[in-house]
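The block underneath contains the structure these notes are about, expressed in structure tokens.
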Amino acid sequence: MSRYAVGDLQGCLKPLQCLLADVDFKPEQDQLWLVGDLVNRGPDSLETLRYLYSIRDSLRITLGNHDLHCLALARGATDRGRHPTLEALLNAPDCGELMDWLQQQALVLRSDDGRYLMSHAGIPAAWSSEQALSLSREIEAVLQSPQADDFLKDMYGDQPSRWDDSLTGLPRLRAITNHLTRMRASNADGKLELTFKGALADIPPGYRPWFEWQKPHARSETLIFGHWAALECQTGRDDIIALDSGCVWGREMTILDMDSRELHRCTCTGDA
51 MSRYAVGDLQ GCLKPLQCLL ADVDFKPEQD QLWLVGDLVN RGPDSLETLR YLYSIRDSLR
111 ITLGNHDLHC LALARGATDR GRHPTLEALL NAPDCGELMD WLQQQALVLR SDDGRYLMSH
171 AGIPAAWSSE QALSLSREIE AVLQSPQADD FLKDMYGDQP SRWDDSLTGL PRLRAITNHL
231 TRMRASNADG KLELTFKGAL ADIPPGYRPW FEWQKPHARS ETLIFGHWAA LECQTGRDDI
291 IALDSGCVWG REMTILDMDS RELHRCTCTG DA
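Quick note: the sequence shown uses the working numbering, first residue 51, plus one each step.
Structure representation (structure tokens):
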């Protein structure tokens, strides 16, 4: 079995299929890790999800902020931020089935051999790997409970901006979600700057990329994340791998061979 991890898809199906052909991916025997943001912005959100659903037994998925937003729209938990590229998916006859499947996914995953830990936006230095997995399970539990719609309605917002173990209720769930799906920059006290989306050179004073607060090789696992296209997959470290290379912005999609650590890229065309 070969294992691969791929950066943010955002509804760009053709580049994904290009990469899978490039590495000779075989769904019946190989495993594909998806770092989240499967949908939105790109041209084929519906067909992307349908394709992924067809090979679902080969996948391991962590949800991104765009996936959670799509769930909120589909469940009627919000009507704001509706993107034209999601209309075909939200109006599809199999939307409910696809959303039920998406709602079963995690926010943090660890490989069976303990070599990799994956989440959409990253994992703050203050959290151990075990804590990150435990906090992910809190979100998984609520997404699969009768309280899912309440969570999806109230997950929006930038507060609390710091993690505190004593947080409870919806503020706690929102803080977990923001750290795992929206985080890019934080300060020495762990406060998140959630409005920042740019390049490293433009980080606001007092803030640094979340991964710079973590000592090199502080974890036994290599971290895999996406979410931050402006990084262009550059972290300057071998223990933290960024995979969002901005496919939806006309750049590339990147896939990682998790065994050899070789990277493959497919340049996007105008129709993604």
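Note that the Cβ used here is the ideal one computed from N, Cα and C, for glycine as well.
- Given a length threshold of 3 residues, each whole run of the beta strand (DSSP E) inside the region 52 to 100 is given here in chain order: 53 to 56, 81 to 84.
- For ILE290, no alpha helix (DSSP H) encloses it; the enclosing beta strand (DSSP E) starts and ends at 290 to 292.
- Per DSSP, reduced to three states, the secondary structure at ILE105 is coil, with no helix or strand assignment.
- Pairing ARG160 with GLU271 gives a Cβ-Cβ distance under 8 Å.
- Per the coordinates, the alpha-carbon of TYR257 lies some 16 Å from the alpha-carbon of THR285.
- In this structure, the beta-carbon distance from VAL89 to LEU69 does not fall below 8 Å.
- Secondary structure note for LEU159: its beta strand (DSSP E) is the uninterrupted segment 158 to 160.
- Taking C-beta separations shorter than 7 Å and ignoring five residues to either side along the sequence, the partners of TYR103 in its chain run LEU148, TRP151, following chain order.
- Counting C-beta atoms within 10 angstroms of its own C-beta, HIS119 has 16 or more neighbours from the protein chains shown and is therefore classed as buried.
- Annotated as distal: LEU293 and VAL73, with beta-carbon spacing of 8 Å or more.
- For GLU97, the CB contacts under 6 Å within the same chain, skipping 5 residues up- and downstream, are LEU63 in chain order.
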